[in-house]
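In what follows, a single structure is set out as C-alpha cells and then discussed.
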Amino acid sequence: MSRVLATLEKIDALHADGNGRPVKGPVIPHEATLDDMAGYGDAKDWGLDLARDIADWRTGSISWEEVDKGILLSGPPGVGKTIFSRALAATCGVELVVASYAKWQARGHLGDFLKAMLASFAEAKKKAPSILFIDELDAFGERTAGGTDNSSYDVKAINGLLEQLDGLDGREGVVVVGACNHPEWIDAAITRPGRLDRHVRIPVPDLEARAGIFRMHLRGALSDGEHMAFAEATEGMTGAAIEQIVREARRTARKRRQQLSAEDVFRHVPPMVVMPPQVVRVNAIHEVGHAVVGAVLGMNLEKVSISKTLRLAPQHQSVGRAVFKRNPWARRTKEHYLDIIAMTVAGMAAEQLFLGCWDDGASGGAGSDLHEATMTAIALERSFGMGQKLASYGPIDDKIASDIKSLDAALMAQVDAILRKQLERAMTILERHRDACVRLAAELVERGELPGREVLDALDEGGEQGNPVVRGYG
Ligand code: ADP
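Reading the sequence shown from the start, the letters are residues 39 to 512 in this note's numbering.
In C-alpha cells form, the structure reads like this:
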C-alpha cells in the first residue's frame, strides 16, 4: 500500500463514528475538485462557472458584482451536499467555512445563536475569498409557521440570517452555499433575488454518477468495468451509502491482509429484494389513502408512487409516497392543520378500512405517519393556540415535545382526541370513495406511479380547492 493510501486510511478511521459513518467531514483526497466528482449535474456546471469567475475576478478582469454570490442545494441526506462545498472551495482555490443551524444553536439562547452566526460570517469575510457553507437551512422554518409572533426565536434567527446575507452585498469575496433536505420549508425571503436565488436539486445518483462515485472512493484500486458493475448493483443508493460500502470493503481486505478486490466490494452491497405482492398491495393501499384524502381535502396532489423492490440495508427507505405541491400563500389555520393530520393518518385509515388493521410501518418510529401527526397535534394544542389553550411553548421539536409530555398531564389526552377524530374523518372520506380507492390501489400496484390528475379523475367528486398542503407525505 502506498504511503498516500495509508494516510488516507488513517483519515478514514478518524472520520468514522461507531457505526462507521463519517462524523467530522468527508474522506476525500485533499486535491479532490469538482472535476473529480460525479453526480452533481447543474450544481457542478454552476461551480465550474463560479471557479472561472473567481479566477477572472482575481485577475481584475471582472468585478465582484459579476460573480454569483450564492446557491441553495437541496436533496436527500447523503447525496453529497456537504462535500460539494469542499470540492467547490478546492476548485475555486478559496477557503471554506462550514456552519449549520445546529452548530449555531448548540449554545442554546437566541443571543448565543446570533453571536455564533455572526462569527461564521465574520470568519468567512476574514478568510475571503471564501465559501461559507450553511447546512440545514430548512431548520429555520418559515417565519410565519407558528403565527405572527414577531418575537419568536425563529423570526429573530431568520432575520439575523437575512441581515448577514444582505451584509455581504457589495462586500467582496464571500460566496454562500446553503444546503437543506426540504427546500419547500425555507422562508421565501432567503431565496429572494440577491440572496440565495439560485436553487439546484441534487438527486440520488444515477448509474453513471454511481460509477463515478465508486471510482473516486476506490482511488484507482479497481477497473472502470468493475466500477460500472458496482454501479449496476447499487441502484437507489446515495453517495454516502456507496462510501460506506467502500469503507467496509477496504476493512475486509485489510483483515485478509490482501489487496482490495471486487468481491470485497460486492460482499458489502446490500442485496435488493423484490417485495412479495401482498406487501406491495399493502403499500399501495396505504399510499392511496394519503393521496385520496389529501386530494378530497383540496390539497394539490402531484403524484403517488410505490416501489416494488427494497434494499436489505439498515437505512430507512421509503416504499411509497404521495407528493403534494405546496401553495406558499395558503393560510395556515386550524382547519389547515386538521386537514394535514387527517391526510397524514389516512394511510393508516386505509389499512384499517381495507385490510382490517394497520401495521407498524405507519406508526411508532420517529418520522412515521403517527409520530408526525402527533407532533402536528401537539403544535396545534401547545404552540399555535389552536386547541384548548392559548399559552404557547414556542416551536415544538422532539425534545420540547417530550419535556411537555411529562410536565403537561392533560396534553396527550387532548392530542389523542384530535388524532382519533381525524382518523375517523379520513376513514369516512375513504369509505365514500371505496370503489375508487380499490381501483386506484390496483392501478398503483400495476404501474408503480399515478399522476395526481388521474387520482382526482377517479374520485366521484373532485378535490375542492383551498387548504393546499405544505409538503409530500408517504
Ligand atoms: P449530505 O450533505 O448531502 O447529507 P454529505 O456531503 O455529508 O451528504 O455526504 C456524506 C458522504 O457521502 C461524503 O463524505 C462522501 O464520502 C459521500 N458522498 C456523497 N455524495 C457523494 C458524491 N457525489 N461523490 C462522492 N462521494 C459522495
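Where is the CB? At the ideal position from N, CA and C, for every residue including glycine.
Asked	Found
C-alpha gap between residue 161 and residue 125, whole angstroms	19 Å
One or two residues paired with residue 109 in a DSSP bridge	215
Closest Cα partner of residue 305 within the set 296, 288, 225 and 316	288
Same chain, Cβ closer than 6 Å to residue 250, neighbours up to 5 away in sequence not counted	76
C-alpha gap between residue 258 and residue 265, whole angstroms	10 Å
Heavy atom of the ligand ADP within 7 Å of residue 118 beta-carbon	yes
Residue 281: CB within 7 Å of a non-hydrogen atom of the ligand ADP	yes
Contacts around residue 291, its chain only, beta-carbon distance under 8 Å, and the 5 residues preceding and following it disregarded	297, 298, 299 and 302
Option nearest residue 203 by Cα separation, candidates 228, 211 and 210	228
Any non-hydrogen atom of the ligand ADP closer than 7 Å to residue 375 Cβ	no
Host beta strand (DSSP E) of residue 170 (start-end)	168-173
Residue 245 beta carbon less than 8 Å from that of residue 214	no
Three-state secondary structure assigned by DSSP to residue 365	coil
Span separating the alpha-carbon of residue 413 from that of residue 493	28 Å
Backbone CA spacing between residue 132 and residue 169 [nearest angstrom]	7 Å
Residue 243 beta carbon near the ligand ADP (any heavy atom closer than 7 Å)	yes
Span of the beta strand (DSSP E) around residue 310	310-312
Residue interval of the alpha helix (DSSP H) (run including residue 239)	No alpha helix (DSSP H) contains residue 239, which is instead part of the beta strand (DSSP E) from 237-239.
Test item: CB-CB of residue 380 and residue 474 under 8 Å	no
Close beta carbons around residue 483, own chain, < 8 Å, minus the five adjacent residues each side	315, 318, 319, 322 and 344
Member of 286, 285 and 252 whose CA lies at the smallest distance from the CA of residue 270	252
Own chain residues within Cβ distance below 6 Å of residue 417, not counting five before or after	434
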